[in-house]
Amino acid sequence: MWNQFFLLEEYTGTDTQYVGKLHTDQDKGDGNLKYILTGDGAGSLFVIDENTGDIHAAKKLDREEKSLYVLRAKAIDRKTGRQVEPESEFIIKIHDINDNEPKFTKDLYTASVPEMSGVGVIKTALPDMSRENREQYQVVIQAKDMGGQMGGLSGTTTVNITLTDVNNNPPRFPQSTYQFHSPESVPLGTPLGRIKANDPDVGENAEVEYSIAEGDGADMFDVITDKDTQEGIITVKQNLDFENKMLYTLKVDASNTHPDPRFLHLGPFKDTAVVKISVEDIDEPPVFSKVFYLIEVDEDVKEGSIIGQVTAYDPDAMNNLIKYSVDRHTDMDRIFSIHSENGSIFTLKPLDRESTPWHNITVTATEINNSKQSSHIPVFIRILDINDHAPELAMYYETFVCENAKPGQLIQTVSVMDKDDPPRGHKFFFEPVPEFPLNPNFTIVDNKDNTAGIMTRKDGYSRNKMSTYLLPILIFDNDYPIQSSTGTLTIRVCACDNQGNMQSCNAEALVLSAGLSTGALIAILLCVIILLVLVVLFAALKRQRKKEPLIISKDDVRDNIVTYNDEGGGEEDTQAFDIGTLRNPEAREDSKLRRDVMPETIFQIRRTVPLWENIDVQDFIHRRLKENDSDPSAPPYDSLATYAYEGNDSIADSLSSLESLTADCNQDYDYLSDWGPRFKKLADMYGGDDSDRD
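Numbering follows my numbering, with no gaps: position 653 of the sequence shown is 653.
Encoded structure:
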């Protein structure tokens, strides 16, 4: 039987430690058997005497490294090599001795204990330990084995203990009163100063919230908490006015945002300080009574009329005088002005809503004693409409009537435009003009919707008899005062198909009869011959006139030119200076007076000394010019031709030909049709090519 063998660790004897002996009954002691040991540590830690079977430990053993070894033993015949016993297994156990001191897993431990804590694994030795007094502690801990008995081993470690913070301290202001100053014109939200309540706690336990508890400036100021610095920032909440109040007193509270209910018994976790704010006076610009002004005025207001007033005052205690002015950059046309003392706005020019319905100007108020202090205010001037424009036809209508038209046919619908803008909207009426209340050709029908229809009144029209009709229409509105005008509609007679589509509006030439009598042909031939003879005679007379010498002509060949308030042409005026004088010096004494306009005072014609013999032409011209320049009776004369005008009430305006075209063929006389029935005859005479042929 194989028993368990036991060995002591860390054997310090001089001899090897004897483990045990292997033996078999087959061993006769003759040395024929051999013992062999295998397994854990065989041959290195454990050796066996192969003859006797004794087992020894060759080295010191350490139970902490390996506490159990499993070995196998067998006995074999040296001669045959046959096992005489089956292989057996046995265990060697190492007995422990106290050869290791206790060791901590870490050389240094870190622990934290809330201040004011009770019992724990590591507990405080003193009651109510305060982190604010001391935060860090270092403790050495020793561990002994063998229950601390004599001969036991020990080990030590160090523990760093930190007292963590709890919210057991309220915030406290370092001073009870704070003083700040602020100009009265600071913008809203401007910071005036900072206050801070100290809290010995840390982290969120030291967070402080500031608020205004009470005071006469609680509605004028505000306090903001700076989360980074835990300071209270005093800011302006409403506009300050030195003249209204010069000193404000506030009470500001500082309280913890995260109070700990366990320590509420220590007292209120907040503190209060008094903040005094002095308002400083500054010179402020004038203040208007409104942020803007809206003035409404009728467009027919007379020049110089007062249309409104602006008011401003000096907010300072001195109450300086103020003068008013209009910013001319907003009134380039100088339509308005303002009384510099009382702010009354009045007009300088007439107003016209149709051209400018709104005027936006800027008024400036300036302190008289300090021109740098000024304020600006917008003034919006709305021009109210007055019925001062007559309604007119909305456009020029190309109206025609078919020759085969029947009575009662609608040939045109006309509409009206009016520059005015009445508040109740436009309402127009259409009637015939009083001079021609009943037109035999056309009828005007008021559609009651600000349009009128033109209806035919007879059966059939003829282009050969009348190619164009003028229909005057009286248009008036219903606003006050009533405005009216007369619009003339030009109606052309045109040839149309059966569906009423226009084909041609030109007056057709009369068709001659197919056969002409012999007398008619002879008359036409005689007319042609007479015209040819007249043309030949006219050409011969013209050629004969060209051959007549200019120096013996008794007629003044100069044409008369009428000038209109223009300076005379001087030497370039060939009508005032006869170039023929240079060609025939002998005729120089035959002075001829101008036939256009003579001066009011006729000076005696001055006779010059004959200079014609042996004189250079250029010298003659210079001397002659000098004589005429110094002669007050010499031409050219300034003359002015005036023409009478039609009466003031005429819609035709001036009848002067000054602005007419140079040739009648280029003149358009269609505007005569717009002048009303009084000019109908004149319009028919100059109404166009068709009327000329008729």
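Glycine is no exception: its CB is placed at the ideal position from the N, C-alpha and C atoms.
(request) Starting from V445, follow the beta strand (DSSP E) in both directions and report where the run begins and ends. (result) From DSSP, the beta strand (DSSP E) with V445 extends over 442-446.
(request) Closer than 7 Å by C-beta to V416: which residues in its own chain qualify, once you throw out the five before and the five after it? Chain order, please. (result) P391, E392, L393, A394, F428, N450, I475
(message) Check for me: the beta strand (DSSP E) holding E627 runs from which residue to which?
(response) Taken as a continuous stretch (DSSP letters only), E627 belongs to no beta strand (DSSP E), being part of the alpha helix (DSSP H) at 617-629.
(message) Can you tell me whether K681 is helix, strand or coil according to DSSP?
(response) helix
(request) Could you tell me whether the segment 58-72 touches the segment 38-50, using the rule of 3 or more Cβ pairs below 8 Å? (result) Yes: the two stretches touch, three or more of their Cβ pairs being nearer than 8 Å.
(message) Which of the three DSSP states is assigned to R194 in this structure?
(response) Strand, per DSSP.
(message) Output needed for P102: all residues of its chain with C-beta closer than 7 Å, excluding positions within five of it in sequence on either side, in chain order.
(response) Leaving aside the five residues that flank P102 on each side, the residues in its chain whose CB is nearer than 7 Å to its CB run, in chain order, A143, K144, D145, L153, S154, G155.
(message) Can you find the residues in the same chain that come closer than 7 Å, C-beta to C-beta, to Y461, ignoring five residues on each side of it along the sequence?
(response) V401, E403, A405, V493
(message) Buried or exposed for S182, going by 16 or more other Cβ atoms inside 10 Å?
(response) buried
(request) Ignore the nearest five residues each way along the sequence and tell me which others in N478's own chain have a CB closer than 6 Å to its CB. (result) K427
(message) Using the Cβ count rule (16 or more neighbours within 10 Å means buried), how would you classify K270?
(response) By the C-beta density criterion, K270 is buried, having at least 16 other C-beta atoms within 10 angstroms.
(request) Buried or exposed for L108, please, with buried defined as at least 16 other CB atoms from any protein chain shown within 10 angstroms of its CB. (result) Exposed, because fewer than 16 other Cβ atoms sit within 10 Å of the Cβ of L108.
(message) Which same chain residues end up closer than 7 Å to R172 when comparing Cβ atoms and leaving out the 5 residues on each side of it in sequence?
(response) A197, N198, D271
(request) Between the Cα of I76 and those of Q373, N32, F90, spot the shortest distance and give me the residue it belongs to. (result) N32
(request) Can you tell me which of the three DSSP states T362 falls into? (result) In the three-state scheme derived from DSSP, where H, G and I count as helix and E and B as strand, T362 is classed as strand.
(message) Within the continuous beta strand (DSSP E) that includes M455, where are the two ends?
(response) 451-456
(request) Could you please give the first and the last residue of the uninterrupted beta strand (DSSP E) stretch that includes V310? (result) That residue, V310, is in no beta strand (DSSP E); it is neither H nor E in DSSP.
(message) Output needed for K251: all residues of its chain with C-beta closer than 8 Å, excluding positions within five of it in sequence on either side, in chain order.
(response) Excluding residues within five positions, the ones whose Cβ falls inside 8 Å are I212, A213, E214, G215, T272, A273, V274, V275.
(message) For the pair the segment 376-385 and the segment 296-308, tell me if three or more CB-CB distances fall below 8 Å.
(response) yes
(request) Check the DSSP bridge columns for S182 and list the partner residues they point to. (result) DSSP, once it has assigned bridges, lists V279 as partnering S182.
(message) Assuming the contact rule is C-beta atoms closer than 8 Å, F288 and Y248 should be a hit. Round their C-beta distance to whole Å, please.
(response) Incorrect: roughly 27 Å between the Cβ atoms, too far for contact.
(message) I'd like to know whether the C-beta atoms of I307 and T347 end up nearer to each other than 8 Å.
(response) yes
(message) Checking 8 Å against the spacing of the C-beta atoms, do V84 and T38 come in under that value?
(response) V84 is not a Cβ neighbour of T38, given a cutoff of 8 Å.
(message) For a quick check, are the C-beta atoms of K93 and F6 less than 8 Å apart?
(response) With respect to the 8 Å criterion, K93 and F6 are classified as neighbours on the basis of their beta carbons.
(message) I'd like to know whether the C-beta atoms of T162 and V140 end up nearer to each other than 8 Å.
(response) no
(message) For Q412, list the residues DSSP reports as bridge partners.
(response) I454
(request) Note down the Cα distance separating T490 from S355, rounded to an integer number of angstroms. (result) 31 Å
(request) Could you tell me whether the Cβ atoms of F180 and I277 are closer together than 8 Å? (result) In this structure, I277 lies closer than 8 Å to F180 by Cβ.
(message) Using only the alpha-carbon positions, how far apart do P261 and Q373 sit?
(response) 59 Å
(request) Going by DSSP, name the residue or residues bridged to K144. (result) K144 is bridged by DSSP to S154.
(message) For H258, count the other beta carbons within 10 Å of its own beta carbon; 16 or more makes it buried, fewer makes it exposed. Which is it?
(response) Its Cβ having fewer than 16 others within 10 Å, H258 is exposed.
(request) Please report the residue range of the beta strand (DSSP E) in which K93 lies. (result) Element bounds for K93: 88-95.
(request) Look at the alpha carbon of N319 and the alpha carbon of I361, and state the distance between them as a whole number of angstroms. (result) 26 Å
(request) Within 10 angstroms of the Cβ of R623, are there 16 or more other Cβ atoms? Answer buried if so, exposed if not. (result) Taking a 10 Å sphere around the C-beta of R623, we find fewer than 16 other C-beta atoms and assign the residue as exposed.
(message) With the cut-off set at 8 Å, would you say I233 and D241 are in Cβ contact?
(response) Cβ distance not < 8 Å, so I233 and D241 don't count as in contact.
(request) Please check the pair L471 and I454, which I expect to be a contact at CB under 8 Å, by giving their CB distance rounded to whole angstroms. (result) In this structure L471 touches I454 by the C-beta definition: roughly 7 Å separates them, less than 8 Å.
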